[in-house]
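This report refers to the structure that appears directly beneath it.
In the numbering used here, the protein residues as written are 2 to 461.
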């Protein structure tokens, strides 16, 4: 009857309205594909197989159980200068006034997130896989768990970490150092730890924090260091480095007998890297236990693909970046098998077997020509933030992107990322994550856009 026809017409109008709205959103979100001037540069990467014996790998996993607790945090160590002037007092009830800001570690001020370069790209594009997901789910994917054992204490690491000598004293490792840090054989280790992921998580595309003569993550925001490195304006002050990732998880004999292609398809979690340049597809290193890859992670974008944990279909736990999260080991007792409990705000929300986890040993070292060069580096005066920003502003003016110094710190921070930090875009037909848009616009607009996108996006 007429009423049915009116309802159908109304439904059609609603669908048309939503589709039209979606089209406008896609147009508004269209991100120009901009490449870095060094986008075609290539960088060495070395793979090492069969690093450890079965006994050494078992001992490494036993060490993880001994430590027993791996925490997840979005807050970096506090540098001497954690902002470029954008800091404002933090009000817990009101939150931070800028989409790229978060509370600092002491929760006294809102500052640019230490790795806002990563978050901005991941949320807007959905990462390498061009995921079309809401903000909350994407954030949950990033909240992996970690523990770092040393900071410049190699002797202790050799004594306490099984297989340390087998890896770092091997001929294959020394050959990799010669290729990745040519002419700079003296290594200064500054990071060694373990990253643990549960099914559904991944490490987003990123550049490792660069180090400079006079500037590092201890005295400058990390996102600013990345902009310094990618700008090329601080090339003379750049310190060479080497990063390594070695897999120590235990996925059983089935995984051990798989080819690399089968591992990547069945489990996911492969390590991708743009060492062949940013205009070509990333290379993929399979997550095979007992293998490692080495490269300079500050030079090329890299990350991991989604970890699927095989055919177990374990659901990604939804958590917020403000939650207190940890993985805690529980030893076997009676008929109860050993487990890793996911604890959020003091409550166990999921339990995992050891075989459910993707576990990587990660480390980084700075490279120097000689011990004398290393000693000189340690005595180098710190670069001043004002001098760093002045160098940036002079270049921006020369490019015609800055007319005067009359620019707010918030505007300057975004301009630095827009100008200098370009990540490779996903190779998808629609390389933008429109499902995250409601969180990237003013609150009054977010609800309307969420309604428009509800037929194609799951919000939560």
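Even glycine gets a Cβ: it sits at the ideal position worked out from N, Cα and C.
Beta-bridge partners of residue i, as assigned by DSSP
i: residue 197; result: 146 and 360
i: residue 367; result: 189 and 242
i: residue 111; result: 89 and 104
i: residue 330; result: 341
i: residue 269; result: 308
i: residue 293; result: 49 and 247
i: residue 207; result: 303
i: residue 73; result: 326
i: residue 274; result: 284 and 303
Contacts around residue i, its chain only, beta-carbon distance under 6 Å, and the 5 residues preceding and following it disregarded
i: residue 490; result: The structure shown does not extend to residue 490, since the chain spans only 2 to 461, so no value can be given for it.
i: residue 344; result: 327 and 329
i: residue 245; result: 293, 295 and 364
The ligand HEM heavy atom lying under 7 Å from the CB of residue i
i: residue 359; result: Absence of the ligand HEM from the depicted structure is noted, as is the absence of any ligand whatsoever, leaving it without description.
Cβ-Cβ distance between residue i and residue j below 8 Å
i: residue 146; j: residue 71; result: yes
i: residue 356; j: residue 50; result: no
i: residue 240; j: residue 208; result: no
i: residue 407; j: residue 394; result: no
i: residue 284; j: residue 290; result: no
i: residue 360; j: residue 195; result: yes
i: residue 57; j: residue 158; result: no
i: residue 460; j: residue 185; result: no
i: residue 279; j: residue 262; result: no
i: residue 187; j: residue 371; result: yes
i: residue 48; j: residue 431; result: no
i: residue 362; j: residue 247; result: yes
i: residue 433; j: residue 125; result: yes
i: residue 64; j: residue 163; result: yes
i: residue 307; j: residue 287; result: no
i: residue 144; j: residue 73; result: yes
i: residue 464; j: residue 424; result: Beyond the ends of the chain as shown, which are 2 and 461, falls residue 464; an answer cannot be given.
i: residue 366; j: residue 156; result: no
i: residue 427; j: residue 130; result: yes
i: residue 268; j: residue 310; result: yes
i: residue 237; j: residue 215; result: no
Residue i: first and last residue of the uninterrupted alpha helix (DSSP H) it sits in
i: residue 373; result: 372-379
i: residue 121; result: 117-126
i: residue 174; result: 172-181
i: residue 451; result: 444-454
i: residue 440; result: 438-441
i: residue 254; result: 253-257
DSSP-derived helix/strand/coil call for residue i
i: residue 238; result: helix
i: residue 405; result: coil
i: residue 136; result: helix
i: residue 92; result: strand
i: residue 1; result: Within the shown structure, residues of the chain are numbered from 2 to 461, placing residue 1 beyond reach of any answer.
i: residue 162; result: coil
i: residue 68; result: helix
i: residue 424; result: coil
i: residue 285; result: strand
i: residue 55; result: helix
i: residue 42; result: coil
i: residue 213; result: strand
i: residue 323; result: coil
i: residue 17; result: Here the model assigns residue 17 a pLDDT of 45, short of 50, so the residue's position is not dependable, and the following value carries that caveat. Helix at residue 17.
i: residue 7; result: Its pLDDT being 48, under 50, residue 7 is placed unreliably in this model, and the coordinates cannot settle the point.
i: residue 458; result: coil
i: residue 31; result: Any answer about residue 31 is weak, because its pLDDT of 46 lies below 50 and its placement is not dependable; what the coordinates show is given next. Coil at residue 31, not helix or strand.
i: residue 410; result: helix
i: residue 83; result: coil
i: residue 383; result: coil
i: residue 429; result: coil
i: residue 415; result: helix
N- and C-terminal bounds of the beta strand (DSSP E) containing residue i
i: residue 393; result: Premise fails: residue 393 lies in the alpha helix (DSSP H), 386-399, not in any beta strand (DSSP E).
i: residue 342; result: 340-345
i: residue 231; result: Residue 231 -> not in any beta strand (DSSP E); alpha helix (DSSP H) instead, spanning 223-232.
i: residue 348; result: 348-353
Own chain residues within Cβ distance below 7 Å of residue i, not counting five before or after
i: residue 113; result: 84, 87, 101, 102, 222, 224 and 414
i: residue 250; result: 290, 358, 359 and 360
i: residue 44; result: 276, 296, 297, 300 and 301
i: residue 119; result: 205 and 207
i: residue 24; result: Here the model assigns residue 24 a pLDDT of 44, short of 50, so the residue's position is not dependable, and the following value carries that caveat. Once the five neighbours on either side are set aside, residue 24 has no close Cβ partner at all.
Contacts around residue i, its chain only, beta-carbon distance under 8 Å, and the 5 residues preceding and following it disregarded
i: residue 69; result: 329 and 330
i: residue 418; result: 117, 118, 121, 224 and 228
i: residue 396; result: 232 and 234
i: residue 172; result: none
i: residue 317; result: 138, 141, 142, 199, 200, 201 and 202
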